[in-house]
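Here the working numbering is used: position 163 in the sequence shown is 170, and no number is missing along the way.
Scroll down for the structure; my scribbles are underneath it.
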Amino acid sequence: MEQFIVQPLFSDGAVGMFTLTNAALWMLLAVLCTALLLVLGTRGRAVIPGRVQSVAELAYGFIYKMVEDVTGRDAVKYFPYVMTLFMFIVLANFLALIPMSFSPTAHIAVTAVLALIVFLGVTILGFVLNGASFLRLFWVSSAPLALRPILAIIELVSYFVRPVSHSIRLAGNIMAGHAVLKVFAGFAGALGIFAVVPILAITAIFALEVLVAFIQAYVFTILTCVYLKDALHPHH
């Protein structure tokens, strides 16, 4: 599990609040790659796009349609945040697949902050746009009257559990995949000339991890859209 240890880049001391660490470096690289892809990669605005511009346009159209389909046309103005969130997570996941890299999204400290920003943002937005009517989200009016208070408690608890499940799902899947890769790599190193089976397994798992890296970014983003929809339309 040493691949998940947060370490300072330029010293051997303790990690402080302002210490530049491997986690900070790879998050910064994810931000830089996002800027390179979406800003520099599309600055030409060619009618016949090149590879980089095509990827940027596909990502843009994919997330725009997600926001519009899941949350509604009135949520399109929040598209820049959702797009930024998706690009950061998916590029951080992909960069973490480079050998000798570091995976910031495997750390609950990173994913919890992302989830809490979504949770607090959606909750504040819900009250700003709807006032006390936002509380209708917890009142299941279609249920029998006697069950509504019980369901309201269940809905309230599940609402506050959202950032926990939102963050653990992403961190857990990324961490598990990297740990499995490291285990099979250890087998390959220990078996010497008989390492062909672990190497084949590593190849298959790596291909799966590429898929998981995208899917987990997609799941995190689509759940953000679902939560945003609750803030814009708080009703059952």
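Note that beta-carbon positions come from the ideal geometry of N, C-alpha and C, so glycine has one too.
Is residue j closer than 8 Å to residue i when the C-beta atoms are compared?
| i | j | result |
| --- | --- | --- |
| Q14 | N100 | no |
| P111 | A30 | yes |
| L44 | L27 | no |
| L188 | A82 | no |
| L239 | L127 | no |
| A113 | F11 | yes |
| P241 | S165 | no |
| V168 | L158 | no |
Expressed to the nearest angstrom, what Euclidean distance is found between the alpha-carbon atoms of residue i and residue j?
| i | j | result |
| --- | --- | --- |
| L123 | P170 | 6 Å |
| I181 | F213 | 12 Å |
| M94 | F86 | 12 Å |
| T91 | S61 | 18 Å |
| V120 | I175 | 11 Å |
| L230 | P205 | 35 Å |
| E75 | G193 | 45 Å |
| I115 | A178 | 6 Å |
| L142 | F69 | 32 Å |
| V233 | S18 | 43 Å |
| A63 | S149 | 43 Å |
| G23 | L32 | 15 Å |
| Y71 | K84 | 10 Å |
| L133 | L152 | First, the residue type needs correcting, since residue 133 is Gly and not Leu in the sequence shown. The straight-line gap from Cα to Cα measures roughly 25 Å. |
| V59 | T49 | 8 Å |
| M73 | L207 | 36 Å |
| R80 | I209 | 43 Å |
| G51 | A42 | 15 Å |
| V203 | L215 | 18 Å |
| G57 | T130 | 41 Å |
| S108 | E162 | 40 Å |
Quick check on DSSP: helix, strand or coil for residue i?
| i | result |
| --- | --- |
| P170 | helix |
| P15 | strand |
| G79 | coil |
| H185 | helix |
| P205 | helix |
Just to check my reading of the structure: residue i and residue j have Cβ atoms closer than 8 Å, yes? What is that Cβ distance to the nearest angstrom?
| i | j | result |
| --- | --- | --- |
| D237 | L144 | 6 Å |
| V97 | A220 | 7 Å |
| V217 | L65 | Between L65 and V217 the Cβ distance is about 16 Å, and since that is not below 8 Å, they are no contact. |
| H173 | F227 | 7 Å |
| L102 | L36 | 6 Å |
- Message: To test your reading of the DSSP string, which unbroken alpha helix (DSSP H) runs of 4 or more residues are found completely within the stretch 88-161?
- Response: Fully enclosed alpha helix (DSSP H) runs of 4 or longer: 115-137.
- Query: If you scan the stretch 17-74 from start to end, which runs of the alpha helix (DSSP H) of 4 or more residues do you find wholly inside it?
  - Reply: Complete alpha helix (DSSP H) runs here, min 4: 29-45.
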